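Chains as they are written, first to last, in our numbering: chain G, 699 to 914; chain P, 706 to 967.
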């Protein structure tokens, strides 16, 4: 993949989040709780993209941002699933996960992967955690006493996006640090693929923000 | 890292990402198809249930109309006719009439009024049995059994082993169900014995109704239910109750269960 194409993909992937955010601005009045929680995650994503891109253009290391973002991302994602999976797990289960993950991320930051390195341990763990929550959500959907159309459930779209994104990027997050520390044709291709999957995730978020679960 | 090693790693990553992408996409597609099938099944089930409820409602309306027309007919043929006759007798009363004739007319009118009172009481009794209102289901069923025995066609027995009975508000529905069963036996079963039993089973009030008549084929009955049987189903659905037939050597045995908290 050429550097130029990667550049376009990266920009598109970074700011694709503006699309669901604009729709959220338009439709926020009839939002349900899950959609409101999703908007918090979208705002966090936008902030991270703005900061990391600004650092990228100044040719400064932006990995430290991901150390802090991973913690916020985990809490926001777990918060999304806490209401979707409330029949499956008690509330303190989700609080416990968030606390454990935060402690792990801090320990990793201090002792294993410093602020100048990509936090692959944390992102990989987050990947496994989110995949587990995704599968739990599917299980909870099957256990529902009364089925309803999936296409009107914002959480279904969010869940589908997470499953595709985190499972596709699991290997990438895991070996990223050791393999592609320098910018090269190969790293452009791999991160280009990541950008494509990220755009797919944002598209799923857009649908989740767009649907109206109250409409009959 | 050597170039060949880097290419191999790249291939592993790209293939791995592709496989995982396809797998997760497959899981989602499978889930959508599976859930849609479940959803369709649920909707079909709801439609069947709604159709059944509509049928029960129609039966209830039909049955009510039938009852109204019966009461109307009774009022017209019995009380109406008696009133007309009484009016005719009343027109015969005049100052010129002899005391003997007046006395005879008064007696006839008195007897007509008596019959009218009986007729109205009988209609009223049919609409809402007074004994059920005053003394409850058990006494009402005892009275029903006595009435059947007075006909000298069938020997009816009633045993009450229940410790807890159904709510007062449900008694009339239960009484009507028993009336329907007795009517069916008297009309179609050609039976010589009827037995009614009240008991309790866990949290249910149980009624066992049995006769030694000709019985019926349950398979045929399931396909072709009469208004009487549908009426029983309709009333039982109001009580959240259920019923089942048991095979007996002669006649029918029907067990009705009604949850006590319903």
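Using N, Cα and C, we set each Cβ at its ideal position, and we do this for glycine too. Bear in mind that the values here come from a model prediction, so they are computed numbers and not experimental data.
>> As an exercise, report each continuous alpha helix (DSSP H) stretch of at least 4 residues that is fully enclosed by the region 802–890 of chain P, in chain order.
In response: Here the runs fully enclosed are 804–832, 835–840, 842–855 and 873–889.
> Where does residue 873(G) fall in DSSP's three states?
Replying inline: For the purposes of this step, residue 873(G) is taken as the residue at position 175 of the first chain. Residue state, collapsed to three classes: helix.
>> Can you look up residue 740(P) in the DSSP assignment and give me helix, strand or coil?
In response: Indexing the second chain from 1 puts residue 740(P) at position 35. Residue 740(P) falls in the helix class under three-state DSSP.
> Is there contact here, the region 807–817 of chain G with the region 754–774 of chain G, by at least three beta-carbon pairs under 8 Å?
Replying inline: Three or more beta-carbon pairs drawn from the region 807–817 of chain G and the region 754–774 of chain G are found closer than 8 Å, and the two stretches are therefore classed as touching.
> Given that a residue counts as buried once 16 or more other Cβ atoms are within 10 Å of its Cβ, and exposed if not, what is residue 852(G)?
Replying inline: Here the question's residue 852(G) lines up with position 154 in the first chain. Classification of residue 852(G): buried, given that the 10 Å Cβ count is 16 or more.
>> Just to confirm, is the Cβ distance from residue 863(P) to residue 887(P) under 8 Å?
In response: Within the second chain, residue 863(P) is the residue found at index 158, counting from 1. Within the second chain, residue 887(P) is the residue found at index 182, counting from 1. The beta carbons of residue 863(P) and residue 887(P) sit no closer together than 8 Å.
> To the nearest whole angstrom, what separates the beta carbons of residue 890(G) and residue 703(G), a pair I think is in contact under 8 Å?
Replying inline: For the purposes of this step, residue 890(G) is identified with residue 192 of the first chain, where counting begins at 1. For the purposes of this step, residue 703(G) is identified with residue 5 of the first chain, where counting begins at 1. That pair is a contact at about 7 Å.
>> Along the region 834–862 of chain G, where does the CB come closer than 8 Å to a CB of chain P? Name the residues.
In response: Of all residues in the region 834–862 of chain G, 836, 839, 840, 844, 845, 846, 847, 848, 858, 861 and 862 have a Cβ within less than 8 Å of some Cβ in chain P.
>> If you measure between the beta carbons of residue 782(G) and residue 792(G), is that distance less than 8 Å?
In response: As a first step, residue 782(G) must be located in the first chain, where it is residue number 84. As a first step, residue 792(G) must be located in the first chain, where it is residue number 94. No.
> In the DSSP assignment, what residue or residues form a beta bridge with residue 905(P)?
Replying inline: Residue numbering aside, residue 905(P) sits at position 200 when the second chain is read from its first letter. In the DSSP assignment, residue 905(P) forms a beta bridge with 910(P).
>> Tell me which residues share the same chain as residue 710(G) and place their Cβ nearer than 8 Å to its Cβ, disregarding the 5 neighbours each side in the sequence.
In response: Counting from one through the first chain, the residue named residue 710(G) turns up at place 12. Closer than 8 Å at Cβ, skipping near neighbours: 893 and 897.
> In chain order, what residues of the same chain have a beta carbon less than 6 Å from the beta carbon of residue 824(P), not counting five sequence neighbours either side?
Replying inline: Stepping through the second chain from its first residue, residue 824(P) is reached at position 119. The answer, listed in chain order, is 783 and 784.
>> Taking only three categories from DSSP, how would you classify residue 966(P)?
In response: As a working note, residue 966(P) is residue 261 in the second chain. Secondary structure at residue 966(P): coil, using DSSP grouped into helix, strand and coil.
> My guess is that residue 909(P) and residue 896(P) are in contact by the Cβ rule of under 8 Å, so how many angstroms apart are they, rounded?
Replying inline: As a first step, residue 909(P) is located in the second chain; it is residue number 204 there, counting from the start. As a first step, residue 896(P) is located in the second chain; it is residue number 191 there, counting from the start. Cβ atoms of residue 909(P) and residue 896(P) stay farther apart than 8 Å, at about 26 Å.
> Quick one: what does DSSP say residue 710(P) is sitting in, helix, strand or coil?
Replying inline: Sequence index remark: in the second chain, residue 710(P) carries index 5 (1-based). DSSP, read as helix, strand or coil, puts residue 710(P) in helix.
>> Closest to residue 814(G) by C-alpha separation, out of 800(G), 829(G), 758(G) and 908(G), would be which residue?
In response: Your numbering for residue 814(G) matches position 116 in the first chain. Selection 800(G), 829(G), 758(G) and 908(G) evaluated against residue 814(G) yields 758(G) as nearest (Cα-Cα).
> For residue 716(P), which three-state DSSP category applies?
Replying inline: As a position in the second chain, residue 716(P) is number 11, starting the count at 1. Judged by DSSP in its simplified three-state form, residue 716(P) adopts helix.
> How would you label residue 700(G), buried or exposed, when you count the other beta carbons within 10 angstroms and need 16 or more for buried?
Replying inline: To locate residue 700(G), count along the first chain from 1; it is residue 2. Flag for residue 700(G) reads exposed.
> Any idea what DSSP makes of residue 915(P), helix, strand or coil?
Replying inline: Mapped onto the second chain, residue 915(P) falls at position 210. Three-state result, residue 915(P): strand.
> Does any C-beta atom of chain G lie closer than 8 Å to the C-beta of residue 713(P)?
Replying inline: Against the second chain, residue 713(P) aligns to sequence position 8. No, its Cβ sits nowhere closer than 8 Å to a Cβ of chain G.
> At a Cβ threshold of 8 Å, is residue 740(P) touching chain G?
Replying inline: Here residue 740(P) corresponds to residue number 35 of the second chain, with the count starting at 1. So, interface residue.
>> Any C-beta of chain P within less than 9 Å: which residues of the region 726–758 of chain G qualify?
In response: Result list empty, no residue passes.
> Roughly how many whole angstroms lie between the Cα atoms of residue 832(P) and residue 963(P)?
Replying inline: Here residue 832(P) refers to the residue found at position 127 of the second chain. Here residue 963(P) refers to the residue found at position 258 of the second chain. The C-alpha of residue 832(P) lies about 23 Å from the C-alpha of residue 963(P).
> Can you give the Cα-Cα distance for residue 907(P) and residue 867(P), rounded to whole angstroms?
Replying inline: Numbered from 1 along the second chain, position 202 holds the residue referred to as residue 907(P). Numbered from 1 along the second chain, position 162 holds the residue referred to as residue 867(P). Each residue's alpha carbon lies about 11 Å from the other.
> Are the beta-carbon atoms belonging to residue 715(G) and residue 747(G) less than 8 Å from one another?
Replying inline: Numbered from 1 along the first chain, position 17 holds the residue referred to as residue 715(G). Numbered from 1 along the first chain, position 49 holds the residue referred to as residue 747(G). Their beta carbons are under 8 Å apart, which means residue 715(G) touches residue 747(G) by this criterion.
> Quick one: which chain P residues come within Cβ less than 9 Å of residue 873(G)?
Replying inline: Within the first chain, the letter at position 175 stands for residue 873(G). In chain order: 714, 717 and 718.
> Taking residue 809(P) as the reference, which of 821(P), 820(P), 795(P) and 725(P) has the closest Cα?
Replying inline: Here residue 809(P) corresponds to residue number 104 of the second chain, with the count starting at 1. Nearest of 821(P), 820(P), 795(P) and 725(P) to residue 809(P), Cα basis: 795(P).
> What distance in whole Å lies between the Cβ atoms of residue 761(P) and residue 885(P), which are believed to be in contact at a cut-off of 8 Å?
Replying inline: Along the second chain, one-based indexing puts residue 885(P) at 180. Along the second chain, one-based indexing puts residue 761(P) at 56. Contact between residue 885(P) and residue 761(P) is ruled out by a C-beta separation of about 14 Å, above the 8 Å threshold.
> Expressed to the nearest angstrom, what Euclidean distance is found between the alpha-carbon atoms of residue 776(P) and residue 770(P)?
Replying inline: As a first step, residue 776(P) is located in the second chain; it is residue number 71 there, counting from the start. As a first step, residue 770(P) is located in the second chain; it is residue number 65 there, counting from the start. One C-alpha to the other measures close to 10 Å.
> When burial is assigned at 16 or more other CB atoms within 10 Å of the CB, is residue 855(G) buried or exposed?
Replying inline: As a first step, residue 855(G) is located in the first chain; it is residue number 157 there, counting from the start. Counting other Cβ atoms within 10 Å of its Cβ, residue 855(G) reaches 16 or more and is therefore classed as buried.
>> Excluding the 5 residues flanking residue 787(G) on each side, which residues of the same chain have their C-beta closer than 6 Å to its C-beta?
In response: The residue you call residue 787(G) lines up with position 89 of the first chain. Contacts found: none.
>> For the beta strand (DSSP E) containing residue 949(P), name the first residue and the last one.
In response: Taking the first residue of the second chain as position 1, residue 949(P) is located at position 244. Looking at the DSSP string, the run of the beta strand (DSSP E) that includes residue 949(P) is 947–951.
> Going by DSSP, what residues sit across from residue 959(P) in a beta bridge?
Replying inline: Stepping through the second chain from its first residue, residue 959(P) is reached at position 254. Residue pairing by DSSP puts residue 959(P) in a beta bridge opposite 914(P) and 950(P).
> Rounded to whole angstroms, how far is the Cβ of residue 857(G) from the Cβ of residue 832(G), which I believe are closer than 8 Å?
Replying inline: Here residue 857(G) is taken as the residue at index 159 of the first chain, counted from 1. Here residue 832(G) is taken as the residue at index 134 of the first chain, counted from 1. The pair is a contact, with the Cβ atoms about 5 Å apart (cut-off 8 Å).
> Distance, Cα to Cα, residue 797(P) vs residue 878(P)?
Replying inline: Counted from its first residue, the second chain places residue 797(P) at position 92. Counted from its first residue, the second chain places residue 878(P) at position 173. Separation of residue 797(P) and residue 878(P) (C-alpha to C-alpha, rounded to the nearest whole angstrom) is 47 Å.
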